[in-house]
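Student: Protein chains in written order, with my numbering: chain A, 171 to 593; chain B, 9 to 413; chain C, 9 to 335; chain D, 5 to 530.
Below you will find the structure I want to go over with you.
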Amino acid sequence: MSTATASATGAVHVMNKRALTLYGLGAAVGLVLFGFLSPGGTASFRLSSSGDAIQLPLLTVPVAAAGWIIAVLLIAGAAYAFWSEKSARRLAGWVPAVFALLFVIGILIWLVGSSRASAISLLSLLTGSLALALPMVYGSLGGVLAERSGVVNIAIEGQLLLGAFAAALGGSLSGSVVGAMVSAAIGGVAVSSLLTLFAVKYRVNQIIVGVVLNVFVSGLTGFLFGTLFSNNSGLNSPPRLPSVAIPGLSEIPILGPLLFDQTALGYLMFVAVGVLWFGLYKTRWGLRVRAVGEHPKAADTVGINVNRTRVLNVLLGGAVAGLGGSFYTLVSVSQFSRDMTAGTGFIALAALIFGRWNPIGAFFASLLFGFATNLQYVLSQAGTDVPSQFLAMLPYVITIFAVAGLVGASRAPAASGQPYVKG
Amino acid sequence: MSPETPSFIDRLRASGAVVSVLAIVAAFIVGGILIAATDEKTTSATTYFFARPLDTLAAAWNAAANSYAAMFRGAVFNYDASTFTAMIKPLTETLTYATPLLTASLGVAVAFRAGLFNIGAQGQLILGAMFATWIGFTLDLAWPVHLLLVILGSILGGALWGGLVGWIKARTGAHEVILTIMLNYVALNLLAYLLNTPVLQRPGSTNPVSPQVNGSAMYPELLGDEFRLHLGFLVAVAATALVWWLMNRSTLGFEIKAVGSNRHAARTAGINTFKVTVLAMVIAGALAGMAGAAQVNGTERFLTESVAASIGFDAITVALLGRSNPIGVFFAALLFGAFRAGGVTMQVATGTPIDIVLVVQSLIVLFIAAPPLVRSIFGLGQRKKRKPRTPGRDAAVAATAGGDK
Amino acid sequence: ACGSAPEEGGSGAAEEIDYTACMVSDEGGFDDGSFNQASHEGLLQAESELGVQTREAESNSSTDMGPNVNQMVDAGCDMIVTAGFKFEDLPVDAAEANPETNFVVVDYGYEELPENMRTLNYNTAEAAYLAGYTAAAYSKTGKVGTFGGGEIPTVTDFMFGFEQGVMKYNEDKGAEVEVEGMDTFVGDFSNTVKAKQISENFLNSDVDVIMPVAGPLGQTAVDAVNESANEDDAVVWVDTDGHEYANGGDTAVLTSVMKNMGLTVFESIEMDVNDEFASEAYVGTLENEGVGIAPFYEFESELPDGLQGELDALKEQIIAGEIDPLG
Amino acid sequence: MKLELKGITKAFGGFVANDSIDLVVDEGKVHTLLGENGAGKSTLMNVLYGLYEPTEGEILVDGKPVHFRGPGDAMAAGIGMVHQHFMLVPVFTVAENVALGDERTKGAGILDLEKTRKAIREISDQYGFHVDPDALVEDLPVGVQQRVEIIKALVRKADLLILDEPTAVLTPKETDELMDIIRQLKGDGTSIIFISHKLREVKAISDEITVIRRGKVVGTADPSADAMELASLMVGRSVDLSLGRQHSDGTDVALEIRDLTVIDSLGVPTLDHVSLDVRKGEILAVAGVQGNGQTELVEAVMGLTDHTTGSIRLDGVELLGRSTKQIVNSGVGYVPEDRSTDGVIGDFTIADNLILNRYDRHPVARGGSLQPAFIAENAEAKIGEFDIRTQSALHTASQLSGGNQQKVVLAREFSRELNLFIASQPTRGVDVGSIEFLHRRILAERDKDVPVIVVSTELDEVAELGDRIAVLFHGKVMGIVPGNTSRDVLGLMMAGSTAEEALAEADAARLATTENDEPQLPGGIA
Ligand SMILES: Nc1ncnc2c1ncn2[C@@H]1O[C@H](COP(=O)(O)OP(=O)(O)OP(=O)(O)O)[C@@H](O)[C@H]1O
Ligand SMILES: Nc1ncnc2c1ncn2[C@@H]1O[C@H](COP(=O)(O)OP(=O)(O)OP(=O)(O)O)[C@@H](O)[C@H]1O
Ligand SMILES: [Mg+2]
Ligand SMILES: [Mg+2]
């Protein structure tokens with residue numbers, strides 16, 4: 171493991187061949203796909219929905235022209251990247267972001283242009299991305315909390331699922347959404363406490379514990395669903411968590427419905443991302459947590475209780491992920507069903523790695539997933555000639571390209587996964 | 009002798025057989041409590057608990073004991089059966105279940121040893137199954153040749169999918185956990201797509217099912233028609249032996265372990281880490297791919313979207329339980345096979361939801377991995393402290409700790 | 009589960025008889041709010057009304073299906089019902105190997121049936137056709153939508169029938185009601201967040217009637233409709249009567265495309281108990297009431313007058329073979 | 005602060021690492037602990053610092069017994085420690101590292117790093133540390149990292165500072181600076197516990213010396229004592245510190261390096277047209293301050309660098325462009341600088357580490373299959389030959405002490421016929437007894453007519469082993485001088501003077517100051 175003497179030669183400030191290849195590839199795809207293979211015609215985007223106070227006109231773009239413009243911009247971006255590399259300059263931080271954004275817009279216009287849709291609701295696309303991302307964001311925040319303190323959390327899936335289950339049960343029993351959300355958080359904490367019991371106290375391999383806990387929760391909730399819930403459906407009818415539009419703000423075109431017409435879980439998500447980011451990077455607590463995850467012994471030698479920090483963090487992470495699980499039974503659908511998290515916890519795991527163990531990174535990585543997933547649905551709804559299975563691959567393929575190209579080697583907290591033994 | 013991370017068996021020995029047995033007992037007790045607590049007879053008996061408390065206890069005991077007895081009859085030996093065949097059939101079912109699980113787990117284990125956390129056995133298995141199925145129904149060849157081609161095909165399919173991960177990882181440093189999770193979904197969608205096209209769809213069917221593979225492409229049944237156990241089991245055993253040799257005796261295995269434990273030192277010693285990373289994933293994928301052939305050409309005969317079931321995920325647990333050691337993995341796979349087989353019987357015989365198996369199974373893994381917990385549950389004193397060791401860092405842990413390249 | 013399963017051994021339970029009816033589910037399990045659950049209810053009905061013994065097994069994964077069927081044979085079942093197409097050729101093999109046991113296969117057919125096998129299939133497109141016509145007649149926005157869990161015939165049949173029904177309405181009334189989502193599939197039958205989002209996408213793009221064909225995920229559409237600001241939004245439920253089955257179905261479900269699996273499973277058991285079992289490829293149609301659409305309940309008043317008459321006429325035409333609901 | 009340790013015993017399981025140790029450190033004094041690798045020095049310090057709970061014994065601070073439940077208590081009592089392996093978080097800035105555990109906040113737990121920065125600047129100015137509070141620790145040279153460790157202790161107002169092998173990784177200049185710092189601290193009344201294997205330093209800085217062997221105090225010594233005497237006391241036998249070696253001029257040129265240039269990932273050349281020759285039967289010592297290209301030089305020869313141009317010919321065969329494996333197989337032996345990262349695989353057994361670079365060659369393997377019998381025999385033989393202290397060849401390398409790990413690496417490299425031997429920092433952190441052994445082995449290899457390169461930041465080692473000495477500065481060769489060149493000249497060259505300039509300057513200095521405050525030690529090692 172890296173010691174304090176790790177040399178600076180591994181610094182990754184410099185652009186490498188891989189990134190360059192990706193810029194080249196992006197520009198080439200742009201040129202061929204958006205330019206030469208443009209489906210032509212126009213692509214229309216609806217910016218407001220029929221119920222909105224302020225109606226915006228349809229945004230219509232000529233596909234071919236837009237395609238060419240984007241292709242040229244992409245080529246310019248790639249050329250700039252090559253030039254920077256050649257003259258050994260550091261590429262400005264915004265370049266990859268803008269390049270990627272342009273590429274995504276290009277793809278979007280191209281796809282809409284080649285679909286049978288008369289118009290795509292941009293708003294629906296964006297709000298949907300956020301909704302699809304929501305449980306993932308909570309899950310990955312839970313993961314970030316645990317991993318930042320040096321505990322690998324593979325059990326996100328289990329935390330979400332038990333959170334969903336507990337919200338259904340707690341909500342049905344208490345009849346209140348607050349009761350449901352508290353139960354969900356407790357559910358997540360329950361998974362976390364098993365994780366800490368085995369991984370921190372008994373030092374069992376953290377990955378084993380995580381993997382096994384997922385199976386455990388799946389089995390337990392499935393069993394209780396088949397026995398407890400199927401005999402008493404009253405235990406599985408939680409109250410609903412309503413959306414609350416913030417008066418005034420929610421009427422802002424696009425942004426209003428996107429950001430200011432959310433459920434409590436939605437607002438809380440933004441707060442959680444911000445608070446956790448601030449907490450991790452700007453507070454004493456965060457400094458200590460990160461130290462424990464990077465170099466527990468160093469933390470120990472300055473009087474920080476490593477294992478206590480880890481336990482608390484994993485528990486807190488469990489509460490966050492569990493709370494996210496309540497989205498399933500309080501917002502998404504009105505009752506619990508078997509394995510309803512359907513692998514979201516694993517995507518959340520990918521998102522937190524993709525987001526480089528940073529709350530904001532994890533948020534945007536989840537959003538990218540949500541976006542790609544919803545794009546698939548929005549396009550297929552209108553009808554397209556691309557087989558549904560290929561559209562379904564979209565989020566996954568985009569992620570592979572993103573991690574292989576733009577992100578590359580990401581650095582985990584150095585002590586992540588290693589039990590801490592004094593001395 | 010090469011180093012071996014303590015295997016499941018070693019753990020058994022080290023933690024003392026007693027503790028292991030107690031771990032299993034503890035897991036069954038927890039499961040039993042769940043079964044009893046949700047059992048209707050038990051719950052109805054609790055309504056008059058204070059009048060006749062023994063009724064409740066008896067009902068609870070019965071509920072749990074019946075379930076577990078059924079599980080035993082389904083997984084090991086059916087003492088209720090009238091014929092010898094029926095008596096030993098459960099054991100063969102256990103082996104049948106264990107067959108695909110075994111090779112898939114070996115794949116996960118090999119990757120672990122190279123420091124790679126392979127969550128992708130699921131996708132690799134699917135690719136293997138697609139190749140095996142396609143070769144199985146399109147070609148018309150004589151038996152051993154055809155089957156051999158099928159096995160090779162499944163190896164090729166899995167190896168491609170695994171190798172892709174290894175290649176991207178080695179080239180770009182992308183985290184293999186992300187890559188494998190994503191490729192699982194891609195494989196699943198690819199399968200769904202191909203099952204809806206003439207490539208793999210059964211002619212005349214609109215369901216996403218492949219044609220049946222030819223008889224010559226099937227693993228023959230080992231013990232005759234009465235049993236599902238097929239030659240694939242022996243192939244899996246052979247694969248276990250091969251992997252044992254690979255990891256403990258071969259120079260390639262040495263390289264894999266070296267890269268997995270300390271890639272810097274490995275590189276300094278002249279080991280080509282790029283090659284080893286790719287090869288380890290190729291081997292991992294090949295083994296998982298073989299599980300695909302075991303599924304289609306051993307038991308199912310045709311391919312559907314659910315061919316991988318949860319084998320790829322169970323494989324992770326099995327590999328970890330077996331401490332990534334081929335012999336440990338072998339026994340862990342048998343244990344899991346027994347759970348699967350026993351769970352089916354338990355459900356049919358007693359109506360206990362099969363999910364309870366997952367609960368007991370996962371508790372066993374946890375308890376076995378934490379002997380001190382079991383000792384404290386049963387109030388046993390701590391054993392004499394063993395010589396302190398540097399905490400063994402598993403390759404797998406190093407793997408998630410990041411794509412340091 | 010959608011609603012509560014009828015309590016077994018309720019009032020007036022029949023006397024127990026020496027007959028065991030067994031059922032094996034596919035991976036969905038008996039609480040899937042779909043064909044597994046519907047078939048399962050036939051079994052429960054037989055238990056309470058005929059007094060038969062029952063055994064049931066859920067398959068946790070595809071690998072369990074074969075062993076489950078074999079276990080049932082070994083457990084001495086007189087009849088084994090398999091639910092869902094995923095069993096494929098398995099029941100035939102089992103039926104041929106065990107001539108003493110009768111088999112009922114739900115949602116799958118074979119070219120040749122063994123003596124001891126009955127298959128139950130449902131021409132859901134016929135009923136979906138009527139539902140599509142109704143939806144088109146109901147829609148205020150001129151847009152209706154449908155989506156599936158996975159792209160399989162038992163799902164797409166509903167969707168095609170629905171689409172054709174809408175087309176028929178357009179043709180007859182000169183309307184231009186659009187059907188969206190013919191290519192939209194969740195990708196599985198468990199991801200509620202995705203299904204919910206698909207439903208919301210529909211509502212956001214002014215679709216006001218949604219037919220989800222996705223087993224338990226249908227509930228998400230009901231929830232989306234109940235939460236939407238637009239009072240007129242509605243759901244066409246499938247398999248069972250959503251008015252009863254769906255949580256909050258009374259305010260959201262316009263009608264349901266019913267696939268009477270419970271009844272036909274019950275009838276199959278009843279036949280066997282009465283020694284009338286015959287190898288047969290049963291197909292549920294509008295004619296034999298194996299499929300049908302549910303009443304409109306509260307929505308009755310919001311539908312155009314005369315709709316019921318048109319539907320009855322269409323039904324007759326379909327029965328008479330004058331209309332092909334798959335177009 | 006006056007510190008007393010009374011009867012401290014620390015046992016790990018059955019193994020007693022410290023056996024009723026008594027120690028008194030007076031205020032404003034430098035108290036040195038001497039002892040072999042594994043003698044128990046670090047363990048004792050860890051007990052003192054609250055990291056380990058002593059099995060028996062008590063600690064008194066200014067006469068009052070104290071009980072430390074963790075390092076927090078020790079720090080509160082005014083004890084600071086600079087660990088042998090730095091306890092710094094590499095991805096944190098200096099300020100963050102200093103703040104950690106002793107954070108200044110703006111209230112509500114919000115960090116106020118500005119206060120910490122200010123404190124760092126103050127201390128930095130006071131002692132001339134030149135530390136940038138916002139630099140990332142992983143980007144800093146080890147010498148600076150160490151100052152960060154000292155700042156950590158000083159910010160916490162330590163009255164007693166433990167320095168566990170602080171000079172093991174320092175360059176001579178950095179060492180001199182550290183000595184100055186220690187003197188300043190001492191002058192300010194800080195008590196210091198100093199641990200080192202380098203007798204020259206020990207003698208120069210100590211006020212008192214306590215020698216520990218196998219966990220027990222075996223005696224005290226006066227700083228003016230003879231180095232040989234100290235060494236013998238430590239090891240428990242007489243040590244001959246002078247190798248009594250002959251310088252060698254070597255024979256034919258074996259390794260020719262021409263215009264070797266290595267560009268790092270930032271596009272900066274770390275080696276700049278370096279040309280060197282190494283003859284058969286000679287040791288070329290490469291000196292230089294860390295970070296001036298020595299590491300890249302040997303890594304380039306081993307085929308471990310990217311973006312390398314020029315030529316490296318061994319016995320006429322070009323090595324550049326070949327894989328590391330090919331280079332290893334052509335008979336190049338290599339002891340890497342960082343043994344725990346690059347030299348051994350911690351999780352592997354000693355036996356396997358002993359074949360790490362020939363696992364696929366006859367007779368270790370046949371046809372892709374390892375030969376366990378051979379591997380076991382080989383291990384037994386090497387463990388005996390190199391006196392590797394372990395209970396079994398099947399123990400993992402991570403269970404060995406640093407000195408013994410180094411012996412494993414050396415034993416492995418000397419297991420075959422070599423055409424070239426390269427050792428980078430071969431004796432870093434190793435005790436005198438082992439240094440003697442390792443040096444003898446390297447000389448023996450030279451005497452077999454093998455060309456040898458020894459890279460070291462240790463001037464004593466360079467002078468001791470080198471038949472010729474090449475000094476690198478900023479990736480360039482400043483000159484190649486004879487093995488008997490004085491420390492002063494080498495020091496100047498390492499700071500960027502050419503050989504001629506350095507010689508001239510050193511002569512001038514010698515004329516100016518006739519008295520030398522560093523006592524001359526026999527044999528030049530110490
Ligand atoms: N955590 C531990 N568990 C068991 N034994 C230990 C532990 N730490 C140290 N030891 C043993 O205690 C002895 C003393 O080790 P220590 O690190 O104190 O030596 P040292 O004098 O500091 O050596 P060096 O000069 O190499 O730094 C060693 O023999 C070692 O085996
Ligand atoms: N947990 C442990 N169990 C057994 N022995 C240990 C343990 N931890 C450390 N040791 C032993 O402690 C001794 C000292 O370890 P340490 O890492 O301090 O060695 P060192 O010689 O000081 O290293 P270096 O020379 O690289 O600074 C070694 O002999 C090592 O085997
Ligand atoms: Mg030490
Ligand atoms: Mg040392």
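Even glycine gets a Cβ: it sits at the ideal position worked out from N, Cα and C.
Among the residues of its own chain, which have a CB less than 6 Å from the CB of Ala510(D), if the five just before and after it don't count?
Tutor: These residues qualify, in order along the chain: Asp492, Val493.
Student: Following a CB-centred definition, is Glu169(D) positioned closer than 7 Å to any heavy atom of ligand 1?
Tutor: Glu169(D) Cβ: within cutoff of ligand 1.
Student: Would you check if the distance between the CB atom of Phe386(B) and the CB atom of Leu42(B) is smaller than 8 Å?
Tutor: No, they are not a contact pair.
Student: Could you give the distance in angstroms between the alpha-carbon of Asp280(C) and the alpha-carbon of Met269(C)?
Tutor: Near 17 Å, if we compare the C-alpha coordinates of Met269(C) and Asp280(C).
Student: Could you name the residues of chain B that Ala574(A) contacts, counting a contact when the two beta carbons are closer than 7 Å?
Tutor: Those within 7 Å of Ala574(A) in chain B are Ile176, Thr180, Ala182.
Student: Just mark His134(D) as buried or exposed, buried being the case when its beta carbon has 16 or more other beta carbons within 10 Å.
Tutor: The residue in question, His134(D), is exposed, as its Cβ has fewer than 16 Cβ neighbours within 10 Å.
Student: State the Cα-Cα distance for the pair Phe338(B) and Pro98(B), rounded to the nearest angstrom.
Tutor: Phe338(B) and Pro98(B): Cα-Cα distance of roughly 18 Å.
Student: CA-CA distance, Met167(C) and Gly525(A)?
Tutor: Those two C-alpha atoms are separated by around 39 Å.
Student: Would you say Ile554(A) lies against chain C (beta-carbon separation less than 8 Å)?
Tutor: The question names Ile, but residue 554(A) is Thr in the sequence shown. Chain C contact via Cβ: present.
Student: Within the 8 Å Cβ cut-off, does Asn74(B) reach chain A?
Tutor: Taking Cβ atoms only, chain A never reaches closer than 8 Å to Asn74(B), which makes this a no.
Student: Counting only Cβ pairs nearer than 9 Å, list the residues of chain D close to Arg458(A).
Tutor: Under the 9 Å cutoff, chain D gives Leu104, Gly105, Glu107.
Student: Please confirm whether any heavy atom of ligand 1 lies closer than 7 Å to the CB of Phe198(D).
Tutor: Checking the Cβ of Phe198(D) against ligand 1 gives no.
Student: Among the residues of its own chain, which have a CB less than 7 Å from the CB of Gly345(B), if the five just before and after it don't count?
Tutor: Hits under 7 Å: Thr102, Leu103, Tyr105, Ala106, Leu109.
Student: Is it the case that the CB of Asn408(D) approaches a heavy atom of ligand 1 more closely than 7 Å?
Tutor: False, no ligand heavy atom lies under 7 Å from that Cβ.
Student: Go ahead and label Ala251(A) buried or exposed: buried means 16 or more other beta carbons lie within 10 angstroms of its beta carbon, across all protein chains shown.
Tutor: Under this definition Ala251(A) is a buried residue.
Student: What alpha helix (DSSP H) runs, 4 residues minimum, are completely inside the region 400-474 of chain A?
Tutor: Whole alpha helix (DSSP H) segments, 4+ residues: 425-429, 434-452, 454-464, 466-471.
Student: Using the three-state DSSP reduction, which class does Pro273(D) fall into: helix, strand or coil?
Tutor: If DSSP states are grouped into helix, strand and coil, Pro273(D) belongs with the strands.
Student: Do three or more CB pairs link the region 9-17 of chain D to the region 311-322 of chain C at distances below 8 Å?
Tutor: The answer is no - the region 311-322 of chain C does not touch the region 9-17 of chain D, with fewer than three Cβ pairs under 8 Å.
Student: Give me, in chain order, the residues of the same chain whose beta-carbon lies closer than 7 Å to that of Ala327(B); leave out the 5 immediate sequence neighbours on both sides.
Tutor: Taken in chain order, the residues that qualify are Ser113, Val116, Ala117, Phe120, Val337.
Student: Since Val339(D) contacts Ala427(D) with CB under 8 Å, what's their CB separation in whole angstroms?
Tutor: With a Cβ gap of about 4 Å, Val339(D) and Ala427(D) count as contacting.
Student: Less than 8 Å separating the beta-carbons of Leu339(A) and Leu405(A)?
Tutor: Against a cut-off of 8 Å, the Cβ pair of Leu405(A) and Leu339(A) comes out as a contact.
Student: Taking only beta-carbon positions, decide if Arg401(B) is within less than 8 Å of chain D.
Tutor: Model confidence at Arg401(B) stands at a pLDDT of 36, short of 50, so the residue's coordinates are unreliable; what they give is reported in the following sentence. Answer yes: the Cβ-Cβ gap between Arg401(B) and chain D drops below 8 Å somewhere.
Student: Under 8 Å, Cβ to Cβ, is there at least one residue of chain A near Ile96(B)?
Tutor: It does not: the Cβ of Ile96(B) has no partner Cβ on chain A nearer than 8 Å.
Student: Here's a check: name, in chain order, each residue in its chain whose Cβ is nearer than 6 Å to the Cβ of Leu515(D), leaving out the five neighbours to either side.
Tutor: No residues qualify anywhere along the chain.
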